[in-house]
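A short write-up of the structure that comes next.
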Amino acid sequence: MSTRGAMTTLRRRLLGVAFLMTIVLFLSLTVATYQRAFTSSVDVVLHTASVGNQLMADSDVKVRGMIVGRVREIEPTADGAKLHLALEPDKASRLPANVSARLLPRTLFGERYVSLEVPENSSGAVLASGDVIEQDRSSAAVELETVLADTMPVLQAVHPDELAVTLNSLSQALEGRGRPLGETLSQLNTYLDGLNPSVPDLRENLRELVGVAETYEDAAPDVLEALENLSTTSRTLVEQKDDLSALTSQLTTTSQDATRFFQDNGKNLIRLGEAQRPTLDVLAKYSPEYTCFLNQMHEFVPTVRKAFGEGTSEPGLHITLEVVANRGKYVPNQDEPEFADKRGPRCYDIEPLPDPVPEYPPDGPFEDGSVPPPASRPVDGGLLPPSMGEQYLPAGNAPASTSPQSAGGLGMVNSPMERDFISALLAPSMGVAPAQVPGWGSLLGGPVLRGAEVSYR
């Protein structure tokens, strides 16, 4: 019995050990099966940026939403991460060797997975074990990852329970309002279609708005200073409000007086304006010459000061007096005074001053109704040659004339020839030689003798 009991005990122990071994083997097989230890795969390597470190082992590998493998191992590197992917052989045989990968989240709060992107121009070769896949570097992929990277911190900061309450409230608010919401969105789409053509102009306006804002920024200190000064002015007005009130009252009285004045004299003011209109028309007609006239008067001041000897040791009037030819005797019906000069506004530039100055302006003498004598010098100036006048002395008792017509060419009025001729006429009566006749003799005697007949004895 003891031997049989010992065998029974040993048998039970062996059965227990076998049972335990069966359990361990079952669990091991289960884990191995879960880890796909008995499943063949195509092992490839994916090089990613630092985002690859956010993945977890056994993350899915998808192509167009279908699972084609898993992430077997994640190996950090200096510039990112190296992902070892285990792809199903039947799926890998349909993928080109030049596929790229994106790391996308399952949901807003879910973990990331590997999405293989098949290019449009796929190569003829297919993926095989040991191939290396690069991360998608296209602009769309970079923008998508940037948006997700910027959005994830915000989403992670949102509490799920609060978000659930918000979404529930939004759902209740929109319940039964699908059709009005759809019509609103459709109308909004119509508005946006109308606004789209104006987007370039809006962009240009916003760009110009930046320049305007910079201008206002530069002018802000001056504006603030002006506002500060305005506050001082406002305080002054408040302090002087009583005086301003009195001024307003006085202005009211003045306005009433002015109203009565215009009521009583309105017609007189109108008649006065009508009477002044011809004068104003004349002033308006000659207005173009005012500026020139005033400028010449301004420039004439230094000339007058110089003529009176200002700043010199000889104060007094310093001029050169030239007597022009007389106009002859008055002729009835010919020398009637009248204003016949209708040439309008004129102004002559006398800078520099011509030397000698012509007797008449370039467009002729002033038309006052008389017949002007011939100019004693041409418009461009110039003097006749000097002469002692001997050739003009009368022979015997023949009468001599000082008129320009009978003198046969005495030249200009008070010219050297005329002065010598008058000195020769005055010398016998004064009892002196012609050279001793004073210089003022021609100035006093010339107007008397000029144009008259003189008998010489």
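For the sequence shown, UniProt numbering assigns the number 1 to the initial residue and increments by one for each residue that follows. For every residue, glycine included, the Cβ atom is placed at its ideal position computed from N, Cα and C.
ask   = Is Pro352 helix, strand or coil when you go by DSSP?
value = On the sequence shown, position 352 is the one that residue 352 refers to. The answer is coil: DSSP assigns Pro352 none of H, G, I, E or B.
Span of the alpha helix (DSSP H) around Gly182 = As a working mapping, residue 182 is identified with position 182 in the sequence shown. Unbroken alpha helix (DSSP H) run through Gly182: 178-195.
query = Terminal residues of the continuous alpha helix (DSSP H) containing Thr312?
reply = Residue mapping note: residue 312 aligns to position 312 of the sequence shown, counting from 1. In the DSSP assignment, Thr312 falls outside any alpha helix (DSSP H), carrying neither H nor E.
query = Which first and last residues belong to the beta strand (DSSP E) in which Ala49 is found?
reply = Sequence index remark: in the sequence shown, residue 49 carries index 49 (1-based). Segment: none, Ala49 is in no beta strand (DSSP E) and carries neither H nor E.
key: Coil, strand or helix - Leu90 by DSSP   = Here residue 90 corresponds to residue number 90 of the sequence shown, with the count starting at 1. Reading off the sequence, residue 90 comes out as Asp, not Leu. DSSP places Asp90 in helix when its eight states are reduced to three.
key: Cα-Cα separation between Leu20 and Phe26, rounded to whole angstroms   = In the sequence shown, residue 20 corresponds to position 20, counting from 1. In the sequence shown, residue 26 corresponds to position 26, counting from 1. Rounded to the nearest angstrom, the two C-alpha atoms are 10 Å apart.
query = Regarding Asp363 and the ligand NAP, is the C-beta to nearest heavy atom distance less than 6 Å?
reply = Judged by which ligands are present, the structure shown has none, so any question about the ligand NAP falls away.
task = From the DSSP output, read off the bridge partner residues of Gly439.
result = On the sequence shown, residue 439 is found 439 positions in, with the first residue counted as 1. In DSSP, Gly439 forms no bridge with anything.
message = Report the CB separation of Ala101 from Val118 in whole angstroms; it is logged as a contact under 8 Å.
response = For the purposes of this step, residue 101 is identified with residue 101 of the sequence shown, where counting begins at 1. For the purposes of this step, residue 118 is identified with residue 118 of the sequence shown, where counting begins at 1. Going by Cβ atoms, the distance from Ala101 to Val118 rounds to 11 Å, so no, they are not a contact pair.
Three-way DSSP call (helix, strand, coil) for Lys62 in this model = Position 62 of the sequence shown, counting from 1, holds the residue named residue 62. Of the three classes helix, strand and coil, the one that applies to Lys62 here is strand, per DSSP.
DSSP beta-bridge partners of Thr8 = Within the sequence shown, numbered from 1, the residue matching residue 8 stands at position 8. Looking at the DSSP assignment, Thr8 forms no beta bridge with any residue, so it has no partner.
Completely contained alpha helix (DSSP H) runs for the region 267-347, where each covers 4 or more residues = Taking 4 residues as the shortest admissible run, the region 267-347 contains the following complete alpha helix (DSSP H) segments, listed from N- to C-terminal end: 290-307.
key: Whole-number beta carbon distance between Ile133 and Leu46, since they are thought to touch under 8 Å   = For the purposes of this step, residue 46 is taken as residue 46 along the sequence shown, with counting starting at 1. For the purposes of this step, residue 133 is taken as residue 133 along the sequence shown, with counting starting at 1. Yes, Leu46 and Ile133 are in contact; Cβ-Cβ is about 5 Å, under 8 Å.
message = Which runs of the alpha helix (DSSP H) at least 4 residues long sit entirely within the region 189-241? Give them in chain order.
response = 199-239
ask   = So which of Arg112, Gly369, Leu29 has the shortest CA-CA distance to Asp332?
value = Residue 332 sits at position 332 when you count from the first residue of the sequence shown. One detail in the question is off: residue 332 reads as Pro in this sequence, not Asp. For Pro332, the nearest C-alpha among the options comes from Gly369.
key: Nearest neighbour of Arg94, chosen from Gly445, Phe261, Met66 [CA to CA]   = Taking the first residue of the sequence shown as 1, we reach residue 94 at position 94. Among Gly445, Phe261, Met66, the Cα nearest to that of Arg94 belongs to Met66.
task = Compute the Euclidean distance between the alpha carbons of Val212 and Arg235, then round it to the nearest angstrom.
result = Numbered from its first residue, the sequence shown carries residue 212 at position 212. Numbered from its first residue, the sequence shown carries residue 235 at position 235. Spanning the two alpha carbons is a distance of roughly 32 Å.
message = Between the region 334-346 and the region 357-373, can you find at least three pairs of beta-carbon atoms closer than 8 Å?
response = yes
inquiry  = To the nearest angstrom, how far is the alpha carbon of Ala78 from that of Leu14?
reply    = Residue mapping note: residue 78 aligns to position 78 of the sequence shown, counting from 1. Residue mapping note: residue 14 aligns to position 14 of the sequence shown, counting from 1. For Ala78 and Leu14, the distance between alpha carbons rounds to 54 Å.
task = Grab me the residues of Asp341's own chain with a C-beta within less than 7 Å of its C-beta, minus the 5 sequence neighbours each way, in chain order.
result = Translated into positions along the sequence shown, residue 341 becomes position 341. Phe366, Glu367.
ask   = Thinking just about the alpha-carbon of each residue, which of Leu449, Ser287, Ala424 is nearest to the one in Val437?
value = As a first step, residue 437 must be located in the sequence shown, where it is residue number 437. With distances taken between Cα atoms, Val437 lies closest to Ala424.
ask   = How close, in whole Å, do the beta carbons of Gly441 and Ile422 come, if the pair is a contact with beta carbons under 8 Å?
value = Taking the first residue of the sequence shown as position 1, residue 441 is located at position 441. Taking the first residue of the sequence shown as position 1, residue 422 is located at position 422. Cβ-Cβ separation between Gly441 and Ile422: approximately 6 Å, consistent with a contact (criterion under 8 Å).
key: Local Cβ density within 10 Å of Val158, reported as buried at 16 or more and exposed below that   = As a first step, residue 158 must be located in the sequence shown, where it is residue number 158. Burial call: exposed.
query = Excluding five sequence neighbours on each side, which residues of the same chain lie with their C-beta closer than 8 Å to the C-beta of Leu85?
reply = Within the sequence shown, residue 85 is the residue found at index 85, counting from 1. Closer than 8 Å at the Cβ level, and outside the excluded window around Leu85, lie Asp43, Val44, Val45, Leu46, Val61, Gly69, Arg70, Val71, Arg72, Val114, Ile133.
query = Between which two residues does the beta strand (DSSP E) containing Glu117 stretch?
reply = Along the sequence shown, one-based indexing puts residue 117 at 117. Segment 112-117, the beta strand (DSSP E) holding Glu117.
task = Classify Glu418 as buried or exposed, calling it buried when 16 or more other Cβ atoms lie within 10 Å of its own Cβ.
result = Reading the sequence shown from its first residue, position 418 is the one you call residue 418. Classification of Glu418: buried, given that the 10 Å Cβ count is 16 or more.
task = Can you give me the start and stop residues for the beta strand (DSSP E) that Pro434 sits inside?
result = Residue mapping note: residue 434 aligns to position 434 of the sequence shown, counting from 1. Run containing Pro434: none; DSSP gives neither H nor E here.
ask   = Gly16 and Thr48: beta carbons closer than 7 Å?
value = Against the sequence shown, residue 16 aligns to sequence position 16. Against the sequence shown, residue 48 aligns to sequence position 48. Their beta carbons are not under 7 Å apart, which means Gly16 does not touch Thr48 by this criterion.
request  = Output the distance between the C-alpha atoms of Phe262 and Glu289, rounded to the nearest integer angstrom.
outcome  = Residue mapping note: residue 262 aligns to position 262 of the sequence shown, counting from 1. Residue mapping note: residue 289 aligns to position 289 of the sequence shown, counting from 1. Going by the C-alpha atoms only, they are around 36 Å apart.
message = Helix, strand or coil, according to DSSP, for Ser40 in the structure here?
response = Translated into positions along the sequence shown, residue 40 becomes position 40. Correct three-state label for Ser40: coil.
Residue closest to Asp291, alpha-carbon to alpha-carbon, out of His318, Ser169, Asp349 = Numbered from 1 along the sequence shown, position 291 holds the residue referred to as residue 291. Going by the sequence as given, residue 291 is Thr instead of Asp. Thr291 has its Cα closest to that of Asp349, out of His318, Ser169, Asp349.
inquiry  = For a test of the three-state rule: what should DSSP assign to Gly130, helix, strand or coil?
reply    = Reading the sequence shown from its first residue, position 130 is the one you call residue 130. Three-state result, Gly130: coil.
query = Are Pro89 and Ser123 touching if we call contact CB-CB under 7 Å?
reply = One-based indexing of the sequence shown puts residue 89 at position 89. One-based indexing of the sequence shown puts residue 123 at position 123. Result no, Cβ atoms of Pro89 and Ser123 do not sit closer than 7 Å.
Limits of the unbroken beta strand (DSSP E) element including Pro105 = In the sequence shown, residue 105 corresponds to position 105, counting from 1. Per DSSP, Pro105 belongs to the beta strand (DSSP E) from 100-105.
inquiry  = Whole angstroms are fine: how far does the CA of Ala92 sit from the CA of Leu127?
reply    = Position 127 of the sequence shown holds residue 127. Position 92 of the sequence shown holds residue 92. When rounded, the distance between both Cα atoms is 6 Å.
inquiry  = In the DSSP output, which residue or residues are listed as bridge partners for Pro76?
reply    = Taking the first residue of the sequence shown as position 1, residue 76 is located at position 76. Beta-bridge analysis with DSSP links Pro76 to Ala81.
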